[in-house]
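Asker: Quick one: the structure is below, questions incoming.
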Amino acid sequence: MENWEVALIILFVYPFVELIVGFFFNYRIYMISKDQFFTAALMGAVASFLFILTMAITPLIVVALTDGEQAPWWIILIAAFATAIGNFFAAILVPYVSKKVGHDKKIKAKEQKEKNNEH
């Protein structure tokens, strides 16, 4: 495979992978309440680690697909861009899906219940 073919594969595959993985982590962070800040921070760190792991694996994928050719800098840049786009759309989808599923109402009801219990 040529470098540009590998770049096209990365450009179309990475956003979808990051959309799925990023959506999971962003949704979990979104749903965690304020009193579980440490858990939310930990999940954010895991999501960042997965992003860095993706960037570290990219040169290996390029070498495997191009019969041993070294990954040029622009393919790594395309991979980072594609991953960021996938994560961006995952972050946009989280509040929308939360409203559709009804989790926002559950969170507000829980907060209201806690507020009533305090008084």
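If you're matching positions, the sequence shown starts at -10 in our numbering and goes up one per residue. From the three backbone atoms N, C-alpha and C, an ideal C-beta is built for every residue, glycine too.
1) State the DSSP-derived secondary structure class of Q59, mapped to helix, strand or coil.
2) Smallest Cα separation from K95: which of V52, I21, V(-5), E(-6)?
3) What span of residues does the alpha helix (DSSP H) with M20 cover, start to end?
4) Between Y16, I(-2), L66, which has its C-alpha nearest V83's C-alpha?
5) Going by beta carbon distance, what residues of the same chain come within less than 6 Å of L54, once the five residues before and after it are set aside?
6) Using only CA atoms, which one of Q101, A98, T72, N106 lies nearest to V10?
7) Give the C-beta separation of F5 and V35 to the nearest angstrom, bearing in mind that I take them to be a contact with Cβ-Cβ under 8 Å.
8) Alpha carbon to alpha carbon, how far is A98 from N(-8)? Give it in angstroms, no decimals.
9) Do M44 and A80 have their C-beta atoms closer together than 8 Å?
Answerer: Judging by the given coordinates:
1) Within the sequence shown, residue 59 is the residue found at index 70, counting from 1. In this structure, Q59 counts as coil in the three-state DSSP scheme.
2) As a first step, residue 95 must be located in the sequence shown, where it is residue number 106. Ranking V52, I21, V(-5), E(-6) by Cα distance to K95 puts I21 first.
3) Here residue 20 refers to the residue found at position 31 of the sequence shown. Counting along the chain, the alpha helix (DSSP H) containing M20 begins and ends at -8 to 20.
4) Along the sequence shown, one-based indexing puts residue 83 at 94. Among Y16, I(-2), L66, the Cα nearest to that of V83 is on Y16.
5) Against the sequence shown, residue 54 aligns to sequence position 65. Result list for L54: M(-10), V(-5), in chain order.
6) For the purposes of this step, residue 10 is identified with residue 21 of the sequence shown, where counting begins at 1. Nearest C-alpha to V10: T72.
7) The sequence position of residue 5 within the sequence shown is 16, counting from 1. The sequence position of residue 35 within the sequence shown is 46, counting from 1. That pair is no contact at about 20 Å.
8) Mapped onto the sequence shown, residue -8 falls at position 3. Mapped onto the sequence shown, residue 98 falls at position 109. Each residue's Cα considered, the two are about 53 Å apart.
9) Here residue 44 refers to the residue found at position 55 when the sequence shown is read from its first residue. Here residue 80 refers to the residue found at position 91 when the sequence shown is read from its first residue. Contact flag unset, no.
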